[in-house]
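Heads up, the sequence shown is in UniProt numbering, so the first residue is 1 and it goes up one at a time. Below you'll find the structure, written out as structure tokens, and then a few comments.
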Amino acid sequence: MKEIESGQLMAEKQQYVSQINNRPPIGKKLKKHWRLYVLIAPAIIFFAIFNYFPMYGVIISFKDYVATKGIWGSSWVGFKHFERFFHAYNFWELIRNTFFINIYQLAMFPVSIIVALSINEVRNSFFKKSVQTITYAPHFISVVVMTGMIVAFLSPSTGIINKGISLLGFEPIAFLAEPGWFKTIFVQSGVWQGLGWSAIIYLAALAGVNPELHEAARVDGASRFQRIIHINIPAIIPVMVILLILDVGNLLSVGFEKIYLLQNPLNMEASDVIQTYVYRAGLLEGQYSFSAAVGLFNSIVTLILLIIVNYIARRTTNNSLW
Numbered sequence: 001m002k003e004i005e006s007g008q009l010m011a012e013k014q015q016y017v018s019q020i021n022n023r024p025p026i027g028k029k030l031k032k033h034w035r036l037y038v039l040i041a042p043a044i045i046f047f048a049i050f051n052y053f054p055m056y057g058v059i060i061s062f063k064d065y066v067a068t069k070g071i072w073g074s075s076w077v078g079f080k081h082f083e084r085f086f087h088a089y090n091f092w093e094l095i096r097n098t099f100f101i102n103i104y105q106l107a108m109f110p111v112s113i114i115v116a117l118s119i120n121e122v123r124n125s126f127f128k129k130s131v132q133t134i135t136y137a138p139h140f141i142s143v144v145v146m147t148g149m150i151v152a153f154l155s156p157s158t159g160i161i162n163k164g165i166s167l168l169g170f171e172p173i174a175f176l177a178e179p180g181w182f183k184t185i186f187v188q189s190g191v192w193q194g195l196g197w198s199a200i201i202y203l204a205a206l207a208g209v210n211p212e213l214h215e216a217a218r219v220d221g222a223s224r225f226q227r228i229i230h231i232n233i234p235a236i237i238p239v240m241v242i243l244l245i246l247d248v249g250n251l252l253s254v255g256f257e258k259i260y261l262l263q264n265p266l267n268m269e270a271s272d273v274i275q276t277y278v279y280r281a282g283l284l285e286g287q288y289s290f291s292a293a294v295g296l297f298n299s300i301v302t303l304i305l306l307i308i309v310n311y312i313a314r315r316t317t318n319n320s321l322w
């Protein structure tokens, strides 16, 4: 038995070696498929310039950077800036706010799935297209306009939300002045804005479900709900897993623009996250090395979380990014 297994391994190894040896040279492949390489070149150049080349600046996290001396001329200080951040008075507040906002967002992950499953079950084409248009439209509103709308709607004196509260006999609420409301406002407005757009991917996956499966289920007496549970949901599980991994990969990357625009001294207790702290320390206070160290810490933790979640997904569902 062992001899057979070893023989199979040797045969597979020889086949693999022969495939490598028979591969055409790189120059020949480039000449043959040059149109495809030209097509993908802009994306490669973009990521090289704006994502990979700036990594060179991470060095200043371990230096006392002085602009007149340059990156290499500045003195090395090791982990001084990391230790300073870990011992900062608001370190745990920043971590808590960043994690809680993102976990709150992850808790809303099933909403787009429910919307996609609901739209998929609609049979009236006019109503279906109308719902899709209404749910997709907010995605195209810019962040600045969206925050302006939120501030206007939640104004204690003129906001439509507080007008409704006053009509019910209650006192107006200063939503953006109370820290307890900030996370809910931020997350729920994001859910509303991205609801329809997030459902597009699931609708595309549902479009690939074989109609014969539903027909067979109907013959067997399955209800619509049972068909959703046993046919539609299993069909979109791979997409769900991939999108969940990507969302976890952004666990510490809260949308800076929206938080910064909604932030004020009264809700700072709940709205101050790592990104806004880096902005204040780096651009407003000129602490470039310190802010780079905080940003690097954020990136490392995000990478670790992404690897862990991807590993768990691969072991449990056989679906992963790599």
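C-beta atoms are modelled at their ideal positions from N, C-alpha and C, and glycine is treated no differently.
In the three-state reduction of the DSSP assignment, Asp272 falls in the coil class, being assigned neither a helical nor a strand state. If you ignore the 5 residues before and after Val187, its C-beta comes within less than 6 Å of the C-beta of Tyr104, Gln105, all in its own chain and listed in chain order. For Ile304, the closest of Glu269, Gln287, Leu252 by C-alpha to C-alpha distance is Leu252.
With the rule of 3 Cβ pairs closer than 8 Å, the region 216-225 does not count as touching the region 259-278. Note that the C-beta distance between Val301 and Val273 is not below 7 Å. Collapsing the DSSP output to three states places Trp197 in a helix. Beyond the five residues adjoining it in sequence on each side, Ser155 comes within less than 8 Å, by CB distance, of Asn162 in the same chain, given in chain order. Trp76 has Lys63 as its beta-bridge partners, per DSSP.
Sequence-distant partners of Trp76 (beyond 5 residues in either direction) whose C-beta falls short of 7 Å from its own C-beta, in its chain, are Phe62, Lys63. Each of Val122, Glu93, Ile60 was checked against the Cα of Arg224, and the nearest Cα belongs to Val122. Here DSSP, grouped into helix, strand and coil, assigns Pro172 to coil.
By the Cβ rule, the region 43-63 counts as touching the region 286-300, because three or more pairs are nearer than 8 Å.
Between the C-alpha atoms of Glu83 and Phe46 there is a straight-line separation of about 34 Å. Looking only at Gly73, Phe91, Val111, the smallest Cα-Cα distance to Gln193 is reached by Val111. With respect to the 7 Å criterion, Ala199 and Val115 are classified as neighbours on the basis of their beta carbons. Ile229 carries a helical assignment under DSSP once its states are collapsed to helix, strand and coil. Contact check between the region 80-95 and the region 171-180: fewer than three CB pairs, one atom from each, fall below 8 Å, which does not count as touching. Beyond the five residues adjoining it in sequence on each side, Leu206 comes within less than 8 Å, by CB distance, of Ala116, Leu117, Asn120, Asn232, Ala235, Ile236 in the same chain, given in chain order.
Within the DSSP bridge table, the entry for Gly70 names Val66 as partners. With respect to Ala270, Pro179 sits close: the two C-beta atoms are nearer than 7 Å.
Listed in chain order, the alpha helix (DSSP H) runs fully inside the region 108-168 are 109-121, 125-136, 143-153, 160-167, counting runs of at least 4 residues. If you look at His33, you'll find it isn't in any alpha helix (DSSP H); DSSP assigns it neither H nor E.
Rounded to the nearest angstrom, the Cβ distance from Ile242 to Asn319 is 7 Å, consistent with a contact under 8 Å. With respect to Val294, Phe85 sits close: the two C-beta atoms are nearer than 7 Å. CA-to-CA, the gap between Lys183 and Ala313 works out to about 28 Å.
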